[in-house]
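Before any comments, here is the structure.
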Amino acid sequence: MSSGTLYDKVWDLHRVAELPGGSTQLFIGLHLIHEVTSPQAFAALKEKNLSVRCPNRTVATVDHIVPTISQQRPFADPLAEEMLQTLEKNCLSNGINLYGIGSGKQGVVHVMAPELGLTQPGMTVACGDSHTSTHGAFGAIAFGIGTSQVRDVLASQSLAMNKLKVRRLWFEGNLSQGVYAKDLILHVIRKLGVKGGVGYAYEFAGPAIEALSMEERMTICNMAIEGGARCGYMNPDKNTFDYLKGKEHSPKGLHWGKAIKWWTSLSSDSSAIFDDEIRFDATEIAPTVTWGITPGQGIAINECIPIPKSLEYNESVLAEEACTYMDLKPGTPISGIPIDVCFIGSCTNGRLSDLKAAAQIAQGRKVAKGIKAFVVPGSEQVAKAAKKRRFRFNFYFCRF
Amino acid sequence: MKESSFPAGIIEKVKGVGLVLKGNDIDTDRIIPARFLKCVNFDALGEQVFADDRNELKGSHPFDKLSNKDASILIVNDNFGCGSSREHAPQALMRWGIRGIIGQSFAEIFFGNCLALGIPCTTTSEENIKEIQDIVNQNQQCHCEIDLKYKKFIGGLKSWPIEIDNGPLEMLLTGQWDATSQLISQKIALKKIIKTLPYLNGFEAK
Ligand code: SF4
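The following block contains the structure:
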C-alpha cells in the first residue's frame, strides 16, 4: 500500500468517515458543475427536499452545449437553450457562482477553472466529466463523477470513494525539440494500454515533468483517464506557484506565503512508497500519432501502421478492426497519410500555449486546398489573449 | 402520475398491486428507448416507460391496462434489465410507480441501479414465477407483497420463497441503500473537516 505520496496526504486530509460498505467518505474541496450532468442531479436534490451543502465550494460554467455559429439567445437548438436555462435557474436559486457566456471567464470547465485560480494544490476536485483528471496538474486529487455522484456532492460536499493504488511514472531526461506533452501521454498510453491505469492514480514525476509548463502538465493529466487512471497528478512546484500567482481565486497577501508553505509540504516524500513504478526515457519519445480507433493505437511519426498479425492476439483483432474502419493498409508509413481535417482545441489542447505553437507553424503558410481547419480556443480568456497576440489574425490569413 | 412518494429509509416490505410482464431478456433500451435519454430531468420518464413496445401494442401492453394502473410490483421473467447500463431505466420504472420487482434473474448493473433507488429486485425459480404470473393474471387486484425480512413473496393466498444477496438485503433493511442520506448523516465529521482544511481557513496550520 502506498504511503507518504501526495495522493495519500490529500486523501487523509479529506477523509470524513469510513462507510459501512467499506468505502471512504471523502470531502470535496471544489465541485465544478456544468449544464450537461447537473440538471438531473439538481432535480433529484429537490425531490429529496435537500439543499446544496456548500454553494461557495461549487462553481458553474456552461461548456458542452455552447453553439459554434451564433451564441445569440435563445439558442437555435431548443434543447441546448433548455439546458442552459436550467443551469441558470439552479445556480441562481442555490447561490452558486456561474461563469456564463460573455462573462469573459466562460470556457471548457477544465480550461477555465485553472485560469481563474480555482484549482489549487492539495484540493479534492470533482466534476461530472471524465476529463476532470486535468486538475491533477496542480497537485490536486481530481476525478470525474457520474450524475448520481454529482447529486451526492451537491447534497453533502462529499463522495463515497474507494482508495486507489498509486503508480509513479518517472520520466528521465528531457523531451526532444518538437515533442510535446500530448506526445508524452500518448506514448504512455501506447506502452501501458488504455486499461493499464485501471485502479491506479498516476503520479507523473521526474526531470522531464518538472521542465514542463502548467499548460503542458494539464494536457498530460487530462489524458490520464484515457490510459485508464481515474486521476493523474504532479507534485506542485515553482511552476505551479508562478502560474497561480495573482489569479482571481488564488490566495492573496499574507495568505500567499502560507499557502506556498502548505502546498510544498504536500509533495510526495522522498521516502514515499508507491504501489508500482514505471520508468520512461523522455529523450526516446517521438512525436506520436494515433492511427486507429482507441488512444492506445499510437505510433511514432516515423513508424508504419502495424501489421495486425505481428501483434498479440487481443491487439491484433482491434488493429484489424481499426485498419478496416480507418481504411488504412497495414505497413504504410504514417507520415505519408494525407490530412483531411485539422482541429486545434478541446480540453486537452485548447490553451494559449497550444494556439501559440500552432500559430508559429501556420505563420507564413496557408491551409492546403481540400483541408478543413478549425481552431477553437478553450475559453473566453484564451480567445481574448490569442486575439491580443494576433494569433487570430495569423489563422485568418492562413485560411483557417 | 401516481402520487406515491419515492422510496426512502428502511425498506422491509413492498406491498401493492402486481403487474405481469412476460418475456426473457427485456433490455434497458426497451424499458426506456434511447431517444428519451436527452432530458434535463427524469420527471417525464415515467410516462415514456416501454414507449415503443406500448406504441406497437396500441393500448394492450400491460403498462397500459386499466387494471394495472395502480400497480407497484413488477413480475418479470429471466435476465430482466440487460443491455446498456443506463440509470434511466429504473428511473422510468420508479416514476411510473414500480417499487419492487420479482423475476427469475436480473442483469447485474440494472440490479445495482435499482438498489440505488431503493427498489428491490428479488428472484425465485422459473416454476414459481410462472405460478405467480398465472395467479396475478387471473386476479389482477389480488394483494401482492415482497417481504424482504422473511424472504417471501405473497400473492393472494399463497406465498413463495424469494432470494436476494445478503449485501443488498442488508442495505435495504438498514436504509443504507440511500447513499446520499448516508453521506449527509456525517454532519459533525464534515464540519470538522471544513474547519481544519488549510485552504478553507486562510492556510493557517491547525
Ligand atoms: S473531450 Fe474535453 S472538450 Fe471535448 S467534450 Fe469532452 S471535456 Fe469537453
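For the protein sequence lines, the chains are V and X, in the order given. To convert, note that position 17 of the first sequence is 17 in the numbering used here; the numbers rise steadily by one, no gaps. To convert, note that position 199 of the second sequence is 199 in the numbering used here; the numbers rise steadily by one, no gaps. C-beta atoms are modelled at their ideal positions from N, C-alpha and C, and glycine is treated no differently. Predicted model only: the values in this text are computed from it and were never measured.
Where Phe80(X) falls, given that 16 or more other Cβ within 10 Å makes a residue buried: Burial is judged here by how many other beta carbons sit within 10 angstroms of a residue's own beta carbon; Phe80(X) has at least 16 and is buried.
Any residues in the segment 189-204 of chain X with a beta carbon nearer than 9 Å to a beta carbon of chain V? Which ones, in chain order? Ala189, Leu190, Lys192, Ile193, Ile194, Thr196, Leu197, Pro198, Tyr199, Leu200, Gly202, Phe203, Glu204
At a CB distance below 8 Å, what residues from the segment 97-121 of chain X approach chain V? Give them in sequence order. Ala116
What three-state label does DSSP hand Gly46(X) in the structure shown? helix
For the pair the segment 36-51 of chain X and the segment 31-41 of chain V, tell me if three or more CB-CB distances fall below 8 Å. Touching, per the Cβ criterion.
Excluding sequence positions up to five away, which residues of its chain have a Cβ less than 6 Å from the Cβ of Ala60(V)? Ile33, Cys91, Ile96, Leu98
Excluding the five sequence neighbours on either side, which residues of its own chain have a C-beta within less than 6 Å of the C-beta of Phe50(X), listed in chain order? Phe63
Ser156(V) CB to nearest chain X CB: under 8 Å? yes
On the criterion of 16 or more Cβ atoms from any shown chain inside 10 Å, does Ser72(X) qualify as buried, or is it exposed? So Ser72(X) counts as buried.
Could you give the uninterrupted runs of the beta strand (DSSP E) lying entirely in the segment 59-142 of chain V, keeping only those of 3 residues or more? 97-99, 124-127
Within chain V, partners of Gln6(X) - CB distance below 7 Å: Correcting the residue identity first, residue 6(X) is Phe in this sequence and not Gln. Among the residues of chain V, those whose CB is under 7 Å from the CB of Phe6(X) are Glu47, following chain order.
If we cut at 8 Å on Cβ distances, does Pro20(V) have a partner in chain X? yes
Counting only Cβ pairs nearer than 8 Å, list the residues of chain X close to Ser379(V). Against chain X, the beta carbon of Ser379(V) has no neighbour under 8 Å; the closest one sits roughly 23 Å away.
Could you name the residues of chain V that Ala92(X) contacts, counting a contact when the two beta carbons are closer than 8 Å? Under the 8 Å cutoff, chain V gives no residues; its nearest Cβ is about 13 Å from Ala92(X).
Once DSSP output is grouped into helix, strand and coil, what is the label at Cys323(V)? helix
Contact between the segment 109-125 of chain X and the segment 82-96 of chain X (3+ Cβ pairs under 8 Å): yes
Compare the C-beta of Ile184(X) with all C-beta atoms of chain V and state if any pair is closer than 8 Å. yes
N-terminal and C-terminal residue of the beta strand (DSSP E) that Lys278(V) is part of: It should be pointed out that residue 278(V) corresponds to Ile in this sequence rather than to Lys. From DSSP, the beta strand (DSSP E) with Ile278(V) extends over 276-281.
Can you round the beta-carbon distance between Ala155(V) and Leu19(V) to whole angstroms, since I take them to be within the 8 Å contact cut? About 15 Å separates the two Cβ atoms, so there is no contact after all.
Can you tell me the Cβ-Cβ gap for Asn137(X) and Val17(X), rounded? I've got them flagged as a contact below 8 Å. That pair is no contact at about 12 Å.
Rounded distance between the beta-carbons of Ala107(X) and Cys82(X), thought under 8 Å: 4 Å
Is DSSP giving Arg168(V) helix, strand or coil here? strand
Measuring CB atoms only, is the segment 134-142 of chain V touching the segment 231-241 of chain V, in the sense that at least three cross pairs come out at less than 8 Å? yes
Give the secondary structure of His31(V) by DSSP, where H, G and I count as helix, E and B as strand, and everything else as coil. strand
If we ignore side chains and look at the alpha-carbon of each, how far apart do Phe171(V) and Phe280(V) end up? Approximately 5 Å, taken between the alpha carbons.
Okay, do the segment 195-206 of chain V and the segment 163-180 of chain V touch, 3+ Cβ pairs below 8 Å being the bar? yes
Fully enclosed by the segment 132-186 of chain X, which alpha helix (DSSP H) runs are 4 residues long or longer? Taking only runs of at least 4 residues, the alpha helix (DSSP H) segments lying wholly in the segment 132-186 of chain X are 166-174, 179-184.
Which one of Ser379(V), Pro330(V), Met123(V) has the shortest CA to CA distance from Asn349(V)? Ser379(V)
Hey, could you find the ends of the beta strand (DSSP E) Leu159(V) is sitting in? 158-161
Within the 8 Å Cβ cut-off, does Thr58(V) reach chain X? For Thr58(V), the answer is no, since every Cβ of chain X falls outside 8 Å of its Cβ.
Cβ pair Lys366(V), Arg389(V) closer than 8 Å: no
Does any residue of chain X have a CB that is nearer than 8 Å to the CB of Arg151(V)? With respect to chain X, the C-beta atom of Arg151(V) has a partner C-beta closer than 8 Å.
Beta strand (DSSP E) runs wholly inside the segment 93-128 of chain X, at least 3 long, in chain order: 100-103, 121-123
Could you check which residue in Glu35(V), Leu79(V), Thr283(V), Arg230(V) has the C-alpha nearest to that of Gly178(V)? Thr283(V)
Taking 8 Å as the CB-CB cut-off, is Thr28(X) touching chain V? No Cβ of chain V is located within less than 8 Å of the beta carbon of Thr28(X).
What are the residues of the segment 68-87 of chain X that lie near chain V, defined by any Cβ-Cβ distance shorter than 8 Å? Glu87
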